[in-house]
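So the structure is just underneath, and the comments pick up after that.
Chains as they are written, first to last, in our numbering: chain A, 30 to 336; chain B, 31 to 393.
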């Protein structure tokens, strides 16, 4: 187990460096520069800017300097557009916003998804089954940028129940609509995964044994079936996190929340190079570490898995 | 199956124990067997199917994998619903804008500039003076352009992006997976390790960086960029599926025979192995289309995807959300059309999976 974790970490670190490098190369290969706008700058000013940001140096020195400060000091530099703010402070400020929405959405999705999926599996081919699976398909098919505004239209602009946008701290009523919007897709996926996993497990021998030794149906489901049936849901956590990150980008745009995703889009539109690299690296690190955690959790849950 | 039992001119169709392997349960006469049940018990099909001959009766229509799958698909009501909706929306997207143009004079990008009164957003089924009118069933947008024509034209772009990008991912994924699976050994290990690494990357984030940095000056250029970006990040699962298929196929007799007769490796991979993986590939491709369309819409919604004057459902929704409080129809129509299409495509893909490859059911 320890060897497995070490081996995975040894793969993870170069992967993160590769992601940063890809981003850096994309930015450098792209035509134009962050300072080039509609107007052409006077040559003297352009020269000053290039010197200030080290753009007059050859590419390998620029690359080396960026990478060195990231690896050595964990420092991604200063934002080009948010003057005087370091990338690290921007990430530290915006992360709680994204994390709050993301984690709440995932918890909600787990609760609703597992419940709906289990009911569907236990009452296979019943009305409950069809209703929850149709609902799940609907959740997968409605893009979140359509669902979000429609929820706003109903609950904020027609019923005046909930605020339509903006960050109101944690916890606040402002969180309800973004979390609902974000969790819809995961609810749907988790419900489908739970149903499939449970159906398979319910047919297995050990469930028949559990039933035949006289356990109550509740015990059979909660103690035996759920544990095996939820394995696909556990392994979905990794991809879910990746989607959750992209989902927050849209949700933060719709609801005007100052999270990582919103900053990332702004940075991409502004060509704020250090901020882009910083956020991409941060997301890659989070994602890879979470994937590692999921694999470890998997080994604990399923005794058949050996690394 | 190497030794076929001799054909018998036995017209009585009784069960002949001499022709079936020992242990085969007694079966009803073949013309009373439901053809579908053969696939529930393949060993029965082998035992009985070999003795079936044309002269024994009319029930020996060859059931190919495809005809069989098609019949199973037609039994699945949701899949048929999906198929019909997808077909209707595709046809409407292709011919719709032309029909609307000839019927009402509103091309998707036609702004009624002659009359300033018309350059505003009308609700659905409403004319310039608030009366009922059939001219704009989905209303108009801020510039007075017909929403229906725009939604249909947006559908053209969305479906086009979905299909072309899926083809790109198909091309990469199938070749990659087939090569890795067939060559095997260290090469396979290395290639699949790369896929594992790519899997864990926040690819959509990298795509956003790519699209924003290389933003093309022309709408067409941006579209090509979108194909490449979307196709080149969505081939990973396809590669895994094809590799798995190839691994299970590559030691079968027909491959050994091909190798023995001196067929070159690329030819074995692409002429002998790849066609045999087609079932799962088609299923997965059908499920990839809605995913890619969703990603495209997501990118267009954020302003990185399809650029004006072209419009897709995502960019129409993005325009619509600006005016959600006053003109909700600008968002609702493209959004709901898109959701309906994705819904149907997903059902169709699920149905195809059940029909073509019942074992692949993962969820």
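A virtual CB, placed ideally from N, CA and C, is assigned to each residue, including glycine.
It should be emphasised that the depicted structure is a prediction, and the values quoted were computed from it without experimental measurement.
Query raised in the report: For residue 349 of chain B, does the three-state DSSP call read helix, strand or coil?
Result: helix
Query raised in the report: Of all the CB atoms in chain A, is at least one closer than 8 Å to the CB of residue 153 of chain B?
Result: no
Requested in this report: Please determine if the stretch 139–156 of chain A and the stretch 223–230 of chain A are in contact, where contact requires at least 3 C-beta pairs separated by less than 8 Å.
Outcome: yes
Query raised in the report: DSSP on residue 147 of chain A, reduced to helix/strand/coil?
Result: helix
**Report entry** Three-state class that DSSP yields for residue 115 of chain A in the structure shown
**Finding:** strand
Query raised in the report: Going by the beta-carbon positions, is the gap between residue 260 of chain B and residue 325 of chain B smaller than 8 Å?
Result: yes
Query raised in the report: Taking the DSSP output, what are the residues bridged to residue 134 of chain B?
Result: Paired residue(s): none; residue 134 of chain B is not in a bridge.
Requested in this report: Check residue 226 of chain B in the structure and name its three-state DSSP category.
Outcome: helix
Query raised in the report: Assuming residue 174 of chain A and residue 347 of chain B make a contact with CB atoms under 8 Å, what is their CB distance in whole Å?
Result: 6 Å
Query raised in the report: So which residues of chain B does residue 166 of chain A contact, with C-beta pairs closer than 9 Å?
Result: 108, 373, 376, 377 and 380
Requested in this report: Pick helix, strand or coil for residue 85 of chain A, following the three-state DSSP scheme.
Outcome: coil
Query - Closest residue to residue 313 of chain A among B:232, B:228 and B:329 (Cα-Cα distance) - result: B:232
Query raised in the report: Interface residues of chain A around residue 239 of chain B at Cβ under 8 Å?
Result: 52, 55, 56, 297, 305 and 309
Report task. Output yes if chain A places a C-beta closer than 8 Å to the C-beta of residue 345 of chain B; else output no. Result -> no
Query raised in the report: With 8 Å set as the bound, which would you pick, yes or no: does the beta-carbon of residue 351 of chain B sit closer than that to a beta-carbon of chain A?
Result: yes
Query raised in the report: To the nearest angstrom, how far is it from the Cα of residue 45 of chain A to the Cα of residue 109 of chain A?
Result: 23 Å
Query raised in the report: Hey, quick one: how far does the alpha helix (DSSP H) through residue 234 of chain B stretch, first residue to last?
Result: 233–243
Query raised in the report: Can you give the beta carbon distance from residue 372 of chain B to residue 323 of chain B, rounded, assuming they're within the 8 Å contact cut?
Result: 6 Å
Requested in this report: Check whether the Cβ atoms of residue 126 of chain A and residue 288 of chain A sit closer than 8 Å, and answer yes or no.
Outcome: yes
Requested in this report: Kindly list, in the order they appear in chain A, the residues whose Cβ is closer than 7 Å to that of residue 243 of chain B.
Outcome: 55, 56 and 59
Query raised in the report: With respect to the alpha helix (DSSP H) encompassing residue 325 of chain B, which residues constitute its N-terminal and C-terminal limits?
Result: 308–332
Report task. Go ahead and label residue 282 of chain A buried or exposed: buried means 16 or more other beta carbons lie within 10 angstroms of its beta carbon, across all protein chains shown. Result -> buried
Requested in this report: Using 10 angstroms around the beta-carbon of residue 163 of chain A, count the other beta-carbons present and answer buried if the total reaches 16, otherwise exposed.
Outcome: exposed
Query raised in the report: Taking any Cβ of chain A, which residues in the stretch 357–373 of chain B have a Cβ under 9 Å from it, in chain order?
Result: 358, 361, 362, 364, 365, 366, 368, 369, 370, 371, 372 and 373
Query raised in the report: Where does residue 189 of chain A land, buried or exposed, given buried means 16+ other C-beta within 10 angstroms?
Result: exposed
Query raised in the report: Can you list the residues of chain B that residue 323 of chain A reaches, using a CB-CB cut of under 9 Å?
Result: Within chain B, no residue comes near residue 323 of chain A; the closest Cβ sits about 11 Å away, beyond 9 Å.
Query raised in the report: Any C-beta of chain B sitting closer than 8 Å to the C-beta of residue 170 of chain A?
Result: yes
Query raised in the report: To the nearest whole angstrom, what separates the beta carbons of residue 384 of chain B and residue 102 of chain B, a pair I think is in contact under 8 Å?
Result: 7 Å
Query raised in the report: When you compare each of A:285, A:84, A:324 and A:210 to residue 261 of chain A by their alpha carbons, which one comes out closest?
Result: A:324
Query - N- and C-terminal bounds of the alpha helix (DSSP H) containing residue 203 of chain A - result: From DSSP, residue 203 of chain A is part of no alpha helix (DSSP H); its letter is neither H nor E.
**Report entry** Distance between beta carbons of residue 339 of chain B and residue 269 of chain B, contact taken as under 8 Å
**Finding:** Not a contact, Cβ separation roughly 36 Å.
**Report entry** Nearest-angstrom Cα separation, counted from residue 220 of chain B out to residue 382 of chain B
**Finding:** 32 Å
**Report entry** First and last residue of the uninterrupted alpha helix (DSSP H) at residue 339 of chain B
**Finding:** That residue, residue 339 of chain B, is in no alpha helix (DSSP H); it is neither H nor E in DSSP.
Report task. Tell me whether the beta-carbon of residue 239 of chain B lies closer than 8 Å to the beta-carbon of residue 99 of chain A. Result -> no
Requested in this report: Look up residue 52 of chain A in the DSSP assignment and say whether it is helix, strand or coil.
Outcome: helix
Requested in this report: For residue 145 of chain A, collect the residues of the same chain with a Cβ closer than 6 Å to its Cβ; drop the 5 residues on either side in sequence, then sort them by chain order.
Outcome: 161 and 220
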